[in-house]
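Visitor: Before anything else, here's the structure in question.
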Amino acid sequence: MVASMHFFRKIGGFHECHDKIIIWMLRILINLNGYRAPNTESNEDLHQAIGLTQEGIGELNKTEFLKLLKQSQIVNKNPTLNSKTTANLKWLQQQVGLNNTELEILLFAICLKTYPPLDGIARDLGTLSKSGLSKTLSVILELPHAEITTSLSTKSNLTNSGLLEVKKDSNSSLDNILEVPESINQILGVNTDERPHLLDQFFYQDNRSSLELTDYTHIKNDITLIKNHLNIGNNQQFTGTNILIYGAPGTGKTELVKALAKSLRIDLFQVSIENEDGEQHSRSGRISAFQMAQRVLNNKKKALLLFDEIEDIFVSESGLFGYSNPLSKSWFNNILENNNVPTFWLSNKVTQIDDSYLRRFDYVLELKIPPKSVRKKIITNSLGNLVVSENWLEQISQNKQLAPGIISRAAKVISNMNERDTQSVQNNMELVIGNTLRAMGKKIKPINLEKTKLAYQLEALNPSQDIQQLVTGLQTTPSARICLYGPPGTGKTALGHYISDTLDKPLIVKRASDILSPYVGVAEMNIADMFEEAKEEQALLLLDEADSFLQDRTTLKQSWEITQVNELLTQMEAFDGLFICSTNLIEKLDAAASRRFDFKIKLNYLKASQVWRLFCSSMNWNKEQGEQNKILRSELSKYSNLTPGDFANVLRQHRLAKHPLTTKELIDGLERESQFKQDRNSTREIGFHASI
Numbered sequence: 006m007v008a009s010m011h012f013f014r015k016i017g018g019f020h021e022c023h024d025k026i027i028i029w030m031l032r033i034l035i036n037l038n039g040y041r042a043p044n045t046e047s048n049e050d051l052h053q054a055i056g057l058t059q060e061g062i063g064e065l066n067k068t069e070f071l072k073l074l075k076q077s078q079i080v081n082k083n084p085t086l087n088s089k090t091t092a093n094l095k096w097l098q099q100q101v102g103l104n105n106t107e108l109e110i111l112l113f114a115i116c117l118k119t120y121p122p123l124d125g126i127a128r129d130l131g132t133l134s135k136s137g138l139s140k141t142l143s144v145i146l147e148l149p150h151a152e153i154t155t156s157l158s159t160k161s162n163l164t165n166s167g168l169l170e171v172k173k174d175s176n177s178s179l180d181n182i183l184e185v186p187e188s189i190n191q192i193l194g195v196n197t198d199e200r201p202h203l204l205d206q207f208f209y210q211d212n213r214s215s216l217e218l219t220d221y222t223h224i225k226n227d228i229t230l231i232k233n234h235l236n237i238g239n240n241q242q243f244t245g246t247n248i249l250i251y252g253a254p255g256t257g258k259t260e261l262v263k264a265l266a267k268s269l270r271i272d273l274f275q276v277s278i279e280n281e282d283g284e285q286h287s288r289s290g291r292i293s294a295f296q297m298a299q300r301v302l303n304n305k306k307k308a309l310l311l312f313d314e315i316e317d318i319f320v321s322e323s324g325l326f327g328y329s330n331p332l333s334k335s336w337f338n339n340i341l342e343n344n345n346v347p348t349f350w351l352s353n354k355v356t357q358i359d360d361s362y363l364r365r366f367d368y369v370l371e372l373k374i375p376p377k378s379v380r381k382k383i384i385t386n387s388l389g390n391l392v393v394s395e396n397w398l399e400q401i402s403q404n405k406q407l408a409p410g411i412i413s414r415a416a417k418v419i420s421n422m423n424e425r426d427t428q429s430v431q432n433n434m435e436l437v438i439g440n441t442l443r444a445m446g447k448k449i450k451p452i453n454l455e456k457t458k459l460a461y462q463l464e465a466l467n468p469s470q471d472i473q474q475l476v477t478g479l480q481t482t483p484s485a486r487i488c489l490y491g492p493p494g495t496g497k498t499a500l501g502h503y504i505s506d507t508l509d510k511p512l513i514v515k516r517a518s519d520i521l522s523p524y525v526g527v528a529e530m531n532i533a534d535m536f537e538e539a540k541e542e543q544a545l546l547l548l549d550e551a552d553s554f555l556q557d558r559t560t561l562k563q564s565w566e567i568t569q570v571n572e573l574l575t576q577m578e579a580f581d582g583l584f585i586c587s588t589n590l591i592e593k594l595d596a597a598a599s600r601r602f603d604f605k606i607k608l609n610y611l612k613a614s615q616v617w618r619l620f621c622s623s624m625n626w627n628k629e630q631g632e633q634n635k636i637l638r639s640e641l642s643k644y645s646n647l648t649p650g651d652f653a654n655v656l657r658q659h660r661l662a663k664h665p666l667t668t669k670e671l672i673d674g675l676e677r678e679s680q681f682k683q684d685r686n687s688t689r690e691i692g693f694h695a696s697i
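Residue numbering for the sequence shown follows the working numbering, beginning at 6 and increasing consecutively.
Below, the structure written as structure tokens:
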């Protein structure tokens with residue numbers, strides 16, 4: 006008995022609302038006939054909680070016990086709250102915009118969760134229906150039934166804000182029907198500086214950004230428009246400012262919003278995905294959190310709101326936001342048209358969003374994987390103190406599947422290992438990145454750091470027109486149809502890659518094997534798709550070994566061959582981007598295809614001076630060393646059919662050797678490549694030939 010009395014004295018003495026709770030408990034016992042529950046007259050813990058200290062209460066019958074309760078009710082008629090609790094409740098009321106009835110209901114729900122005796126006698130009331138809940142609270146709080154009903158509806162600030170969840174299950178006890186977030190349960194006794202943290206489970210401030218707007222140069226026009234729109238909206242206090250950004254996971258959507266907020270010098274707040282226990286909010290809970298943020302942040306002069314991962318918000322199959330009873334379109338449209346805090350909505354896809362909602366966003370931006378130069382910068386920034394070689398950095402940044410999120414997470418893993426060896430860092434980074442890409446079903450391009458191939462050099466090409474001048478022009482106007490032709494190995498395909506790198510445009514490479522199909526019509530569809538892909542990604546489209554699709558139609562016998570050429574010509578005509586074809590058989594080019602190319606550039610065999618330049622480069626000779634080997638230069642001048650590809654072949658062949666490349670080995674290799682071409686060109690048919 007002593008321990009029990011001490012327990013309730015501790016709760017009663019320290020609970021901020023103890024006097025008010027006594028009144029509520031007495032109303033439950035008297036006005037709602039809670040005194041009739043079994044053993045209430047002998048429950049000493051209950052007596053202690055409501056302040057009954059008389060001797061012999063346990064010997065009273067129900068009628069006598071009720072009379073004693075009514076006397077106690079008169080004594081406790083005017084309860085008061087301490088100043089701290091009153092100030093905290095007023096702060097919350099002002100933040101969310103609660104009326105007095107909503108605040109009183111919320112306070113009761115909080116006390117129900119934080120004061121066990123109140124919870125105990127509330128449970129004794131048994132199960133309640135939805136209408137029974139309103140009537141019961143009306144009695145306990147002595148407030149009009151109509152006001153209680155309105156305050157518990159889905160349209161009230163109390164329930165819409167997420168401060169109170171009214172469980173939809175019918176016939177539940179009072180303590181199970183009303184749910185309050187754990188953080189809000191602490192509002193009664195917190196200090197002034199602790200108040201804002203109570204709202205963190207609804208939204209939180211997040212101004213940290215690992216990227217800058219300069220990392221998004223590939224969408225600089227979009228950024229300019231968005232910044233101007235937000236600046237004007239903030240200055241003129243527009244309502245209904247909403248921007249939708251979508252794209253594959255890891256493309257940097259969240260970081261872009263953070264960088265925008267930083268650039269605009271506006272505080273960014275993010276709608277919480279999880280509650281204080283780390284459990285993910287339900288769809289309705291996230292909408293409530295969004296509305297809570299809108300209400301609270303409306304008091305700030307400058308603020309931006311970020312609502313991430315909205316895929317589960319727009320679920321048309323089960324109704325808007327996934328509610329069993331779908332909210333009306335007008336309700337959600339009202340949110341998009343009247344929210345006071347500008348909001349960024351982020352999604353990995355938009356196929357689930359109805360057009361009627363899409364058109365209400367001020368700006369819709371698809372964020373794609375950034376170009377190589379941006380990826381390289383992001384990788385460099387993400388690596389921090391990790392040391393890698395420039396060669397490795399150059400090669401890994403060529404993988405267009407590498408989204409910023411993949412890069413930064415891999416770097417974080419390796420940084421935690423405190424690895425300092427360059428080769429180990431590179432290997433581990435490749436391992437982590439490779440595993441992620443494989444899980445996403447992406448192709449992984451192996452990185453080969455061996456210097457077995459020559460760096461690309463325009464000086465090593467023998468073109469029919471000035472390539473540098475062409476590339477300079479394309480930097481200003483990246484729209485052209487170019488046919489590169491000439492012997493194998495002269496650098497046609499590599500030139501396409503060079504132009505892509507120089508213009509910093511994504512590169513889409515297609516070959517006959519990617520397009521041709523045994524099924525009728527599929528090849529034509531694949532041709533159309535590759536142009537559509539290039540258009541969507543604003544990429545350079547390189548059709549390698551295009552002989553199959555450029556042949557003179559007068560020489561073709563199969564109808565499907567003709568339709569493939571027709572489809573390619575049609576797509577070329579409509580395409581306003583940068584399209585490059587490479588072929589070894591220009592003499593078979595269809596006349597109509599020839600007319601459609603803006604440039605037809607032949608890459609021929611190397612000149613003697615170019616052969617010598619590549620020879621010195623392959624041997625890693627400087628200018629002085631080259632001058633000292635004039636005899637070798639004279640010897641090489643006899644080869645008139647060499648290409649950059651021949652040098653690359655010889656260097657690859659030397660990979661198996663365990664000693665440095667010698668001049669003799671290089672010359673012998675080039676001679677073999679030259680002789681092979683001569684032998685192939687001079688081959689004549691042998692065997693029996695019948696006379697005609």
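Backbone N, C-alpha and C define an ideal beta-carbon position, used for all residues, glycine too.
Which residue marks the beginning of the alpha helix (DSSP H) containing CYS621, and which one marks its end?
Guide: Its alpha helix (DSSP H) spans residues 613-623.
Visitor: Tell me whether the beta-carbon of SER77 lies closer than 8 Å to the beta-carbon of LEU148.
Guide: Taking 8 Å as the Cβ cut-off, SER77 and LEU148 do not qualify as a contacting pair.
Visitor: For LEU545 versus ILE591, is the C-beta spacing smaller than 8 Å?
Guide: No, the Cβ-Cβ distance between LEU545 and ILE591 is not below 8 Å.
Visitor: Can you check whether the CB of ILE182 is closer than 8 Å to the CB of VAL195?
Guide: It is not a contact, given that the beta carbons lie outside the stated cut-off.
Visitor: Among ARG486, ARG657, GLN633 and VAL570, whose alpha-carbon lies nearest the alpha-carbon of ILE606?
Guide: Nearest C-alpha to ILE606: ARG486.
Visitor: My understanding is that SER587 touches ALA528, with C-beta atoms under 8 Å, so please give their C-beta distance in whole angstroms.
Guide: Wrong, their Cβ atoms sit about 19 Å apart, outside the cutoff.
Visitor: Can you give the Cα-Cα distance for SER161 and SER429, rounded to whole angstroms?
Guide: If you take the alpha carbons of SER161 and SER429, they lie about 59 Å apart.
Visitor: Keeping to the same chain, check which residues put their C-beta closer than 6 Å to that of LEU619; ignore five residues upstream and five downstream.
Guide: Correct list, in chain order: ALA465 and PHE652.
Visitor: Does the distance from the C-beta atom of PRO468 to that of LYS510 stay below 8 Å?
Guide: Their beta carbons are not under 8 Å apart, which means PRO468 does not touch LYS510 by this criterion.
Visitor: CA-CA distance, LEU573 and PHE554?
Guide: When rounded, the distance between both Cα atoms is 7 Å.
Visitor: Determine the closest residue to GLY167 out of LEU111, THR222 and LYS140, with distance taken between C-alpha atoms.
Guide: Checked all of LEU111, THR222 and LYS140; the closest Cα to GLY167 is LEU111.
Visitor: Quick one: residues in its chain with C-beta nearer than 6 Å to the C-beta of ASN343, no 5 flanking neighbours on either side, listed in chain order?
Guide: Closer than 6 Å at Cβ, skipping near neighbours: THR244 and GLY245.
Visitor: What is the rounded straight-line gap between the Cα of ARG677 and the Cα of GLN658?
Guide: Their backbone Cα atoms lie some 12 Å apart in a straight line.
Visitor: In terms of alpha-carbon separation, which member of TRP565, GLU541, LEU475 and LEU547 lies closest to SER522?
Guide: Considering only alpha carbons, the answer is TRP565.
Visitor: Looking only at its own chain, which residues have a Cβ that is under 8 Å from the Cβ of THR441, when we skip the five neighbours before and after it?
Guide: Hits under 8 Å: ILE411, ARG414 and ALA415.
Visitor: Under 6 Å Cβ to Cβ from SER268, same chain only, skipping five residues before and after it: list those, please.
Guide: Around SER268: LEU218.
Visitor: Can you list, in chain order, the stretches of the alpha helix (DSSP H) that have 4 or more residues and sit fully within the region 157-223?
Guide: Runs of the alpha helix (DSSP H) inside the region 157-223: 162-165 and 179-182.
Visitor: Could you pull the DSSP bridge partners for PHE604 from this structure?
Guide: In the DSSP output, where bridge partners are listed per residue, PHE604 has ILE487.
Visitor: Count the other CB atoms, across all protein chains shown, that sit within 10 Å of the CB of ARG270; report buried if there are 16 or more and exposed otherwise.
Guide: Under this definition ARG270 is an exposed residue.
Visitor: Starting from THR119 and walking both ways along the alpha helix (DSSP H), at which residues does that stretch end?
Guide: Run containing THR119: 105-119, per the alpha helix (DSSP H) assignment.
Visitor: In terms of alpha-carbon separation, which member of ILE62, GLU284, PHE274 and ASP124 lies closest to VAL346?
Guide: Considering only alpha carbons, the answer is PHE274.
Visitor: For a quick check, are the C-beta atoms of ILE384 and ILE358 less than 8 Å apart?
Guide: Cβ atoms of ILE384 and ILE358: not closer than 8 Å.
Visitor: I'd like to confirm the pairing. Which residues does DSSP put opposite ASP272 in its beta bridges?
Guide: Answer is ALA308, bridged to ASP272.
Visitor: Given this structure, state the Cα-to-Cα distance separating PRO331 from TRP397, to the nearest angstrom.
Guide: Below a pLDDT of 50, predicted positions are generally treated as unreliable, and PRO331, at 42, falls in that range; the measurement from the model is reported next regardless. One C-alpha to the other measures close to 53 Å.
Visitor: What is the DSSP secondary structure of LEU574, reduced to helix, strand or coil?
Guide: Helix.
Visitor: Could you tell me the distance, in whole angstroms, from the CA atom of LYS628 to the CA atom of GLY494?
Guide: Rounded to the nearest angstrom, the two C-alpha atoms are 26 Å apart.
Visitor: Cα separation between TYR209 and ILE318?
Guide: C-alpha separation (whole angstroms): 19 Å.
Visitor: In the DSSP assignment, find the beta strand (DSSP E) that holds ASN247 and state where it starts and stops.
Guide: It spans 247-251 - the beta strand (DSSP E) in which ASN247 sits, taken as one unbroken run.
Visitor: Would you mind working out which of LEU86, ILE250 and VAL379 sits nearest TYR221, comparing C-alpha positions?
Guide: Minimum Cα distance to TYR221 is reached at VAL379.
Visitor: Given a threshold of 16 other Cβ atoms within 10 Å of its Cβ, counted over all protein chains shown, does ASP198 qualify as buried or as exposed?
Guide: With fewer than 16 other Cβ atoms within 10 Å, it is exposed.
Visitor: Residues in its own chain within less than 6 Å of LEU193 by CB, not counting five upstream and five downstream?
Guide: These residues qualify, in order along the chain: GLU21 and THR90.
Visitor: What do you get for VAL392, buried or exposed, if any count of 16 or more other CB atoms within 10 angstroms of its CB means buried?
Guide: Exposed.
Visitor: Rounded to a whole number of angstroms, what is the C-alpha to C-alpha distance between LEU436 and LEU216?
Guide: Going by the C-alpha atoms only, they are around 24 Å apart.
Visitor: Please classify MET577 as buried or exposed, where buried requires at least 16 other C-beta atoms within 10 Å of its C-beta.
Guide: Counting Cβ neighbours within 10 Å, MET577 comes out buried, since at least 16 surround it.
Visitor: Run through DSSP, which three-state label would GLU60 get?
Guide: GLU60: coil per DSSP, three-state reduction.
Visitor: Using the beta-carbon count (16 or more within 10 Å), is ASN226 buried or exposed?
Guide: Exposed: under 16 other Cβ atoms inside 10 Å.
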